[in-house]
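First residue of the sequence shown? That's 1221 in my numbering, and the numbers climb one at a time after it. Ideal Cβ placement from N, Cα and C applies to all residues, glycine included. Here the structure is a predicted model, which means the values were calculated and not measured.
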Amino acid sequence: MDLEKKAIERIKLASEMSLQHYGVPLVCTYSGGKDSDVVLELFRRSGVPYEVHNSHTTVDAPQTIYHIRQKFGVLENLGIKATVEKPVYKGQRCSMWTLIPEKKTPPTRMKRYCCSVLKETGCPNRYIATGVRWDESTARKDRTAYEGITAKKKNKIAINDEIILMNDNSEKRRLIEHCRLKSKSAVNPIVDWTHKDIWDYIRSERVLYNPLYDMGYKRVGCIGCPMAGKHRWKEFADFPTYRRAYIRAFGKMLEAIHRAGKPSKWKTGYDVFLWWMEDDNIPGQLSLDDM
Ligand code: SF4
């Protein structure tokens, strides 16, 4: 079975499960990246009823925001519900810039609190489709085409007790009996696609994609994401407004730390920024535990 056909079969099956167990259409989650665009195109071709959801991270590049608007405009003209969800923290609208002082620590590889507030809160109790692929990272190698996401441990895969076995020629598929889990479930229709498969599909099917890829970006996502490591230097060179916004937020973070009567070895938001960017030339590199 070819990749497109197999991915569409997965979408169709998940759609049936969504309608049967949740009573509402499957949700295509959409970030504005290339994988999202492929999944969205597959949804369009599948013929299933669906909705589209984007979590507004507040740190996406302008190109990504325009691209999402463009795609959602087309969807709305087709009568497909496409929602951009704005983030909320403790009942208030928030952004990366308010979260940093609130949390009194910068987001880091080990402390990705921003993900749970800015990216992962949408679509509770829904069956969603994602663009997760094994090819993206070793951390994703254990992901499966069908997953349950428990309410308590978001991101933790719960392939559990109530399993329906189905075969689609070569692949043994496992589905969760969602109504008993009462939680979010996910299908990853392109989990087995490679980077090359994605680009071959985009080019051969003329899928409109985010212009950031033509600016030398291999991945698109939050500007300044700590997971992007040294690549952030390019991001901040291309988007200096975001660099200034982080420095300002780190300054506010220090004020919040001092207001709470806690010590900090950093003097300014810029000191924090340099530490955060892992600049080896900064004397007295601090661990967050030193604060
Ligand atoms: S900056 Fe990175 S860790 Fe934070 S929300 Fe964005 S993707 Fe998640």
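Thr1488 sits exposed, since fewer than 16 C-beta atoms from the chains shown fall within 10 Å of its C-beta. Taking 6 Å as the cut-off, one finds at least one heavy atom of the ligand SF4 near enough to the beta carbon of Leu1338.
Taking a contact as a CB-CB distance under 8 Å, the pair Leu1432 and Thr1303 does not count as one, their CB atoms being some 23 Å apart. DSSP places Lys1472 in the helix class (H, G or I) of the three-state scheme. In this structure, the CA atom of Pro1446 is about 6 Å from the CA atom of Arg1329.
Val1247 is not a Cβ neighbour of Ile1410, given a cutoff of 7 Å. Taken from the Cβ of Gly1252, every heavy atom of the ligand SF4 lies 6 Å or farther away. Counting only unbroken stretches of 4 or more residues, the alpha helix (DSSP H) elements lying wholly within the region 1476–1500 are 1489–1496, in sequence order. Taking C-beta atoms as the reference points, Tyr1429 and Ile1422 count as a pair closer than 7 Å.
Judged by DSSP in its simplified three-state form, Arg1426 adopts coil rather than helix or strand. Secondary structure of Arg1313 (DSSP, three-state): strand.
If you check the CB distance, Arg1464 and Phe1456 do not come in under 7 Å.
Two segments are said to touch when three or more pairs of C-beta atoms, one from each, lie closer than 8 Å; by this definition the region 1360–1370 does not touch the region 1323–1338. Taking a contact to require three or more Cβ pairs closer than 8 Å, the region 1304–1322 and the region 1478–1488 do not qualify as touching.
With a 10 Å radius around the Cβ and a threshold of 16 neighbouring Cβ atoms, Asp1420 comes out exposed. Within the DSSP secondary-structure output, Ser1405 pairs in a beta bridge with Tyr1347 and Gly1368. Rounded to whole angstroms, Trp1317 and Tyr1466 show a C-alpha spacing of 7 Å. The nearest non-hydrogen atom of the ligand SF4 is 6 Å or more from the C-beta of Pro1307.
If you check the CB distance, Asn1274 and Thr1350 do not come in under 7 Å.
Secondary structure at Cys1248: strand, using DSSP grouped into helix, strand and coil. By alpha-carbon distance to Thr1278, the top candidate from Leu1319, Glu1236 and Tyr1366 is Leu1319. Relative to the ligand SF4, the beta carbon of Gly1342 is positioned no closer than 6 Å to any heavy atom.
Scanning His1415, Ile1300, Gly1253 and Gly1252 for the CA closest to the CA of Tyr1270 turns up Ile1300. Contact check for Cys1343 and Thr1414: beta-carbon distance about 27 Å, past the 8 Å limit, so the pair fails to qualify. Here Tyr1466 carries a helix assignment [DSSP, helix/strand/coil]. The beta carbon of Trp1496 sits closer than 8 Å to the beta carbons of Pro1326, Thr1328, Pro1446, Tyr1466 and Phe1470 from its chain, once the five residues preceding and following it are set aside; these are given in chain order. Secondary structure in the region 1238–1305: the alpha helix (DSSP H) runs of 4 residues or longer, each lying completely within the stretch, are 1254–1266 and 1282–1297 in chain order.
As DSSP reads the structure, Val1308 sits in a beta bridge with Arg1313. With respect to Gly1252, His1276 sits apart: the two C-beta atoms are not nearer than 7 Å. With 16 or more other Cβ atoms inside 10 Å of its own Cβ, Glu1224 counts as buried. For Pro1483, the shortest separation between its Cβ and any heavy atom of the ligand SF4 does not lie below 6 Å.
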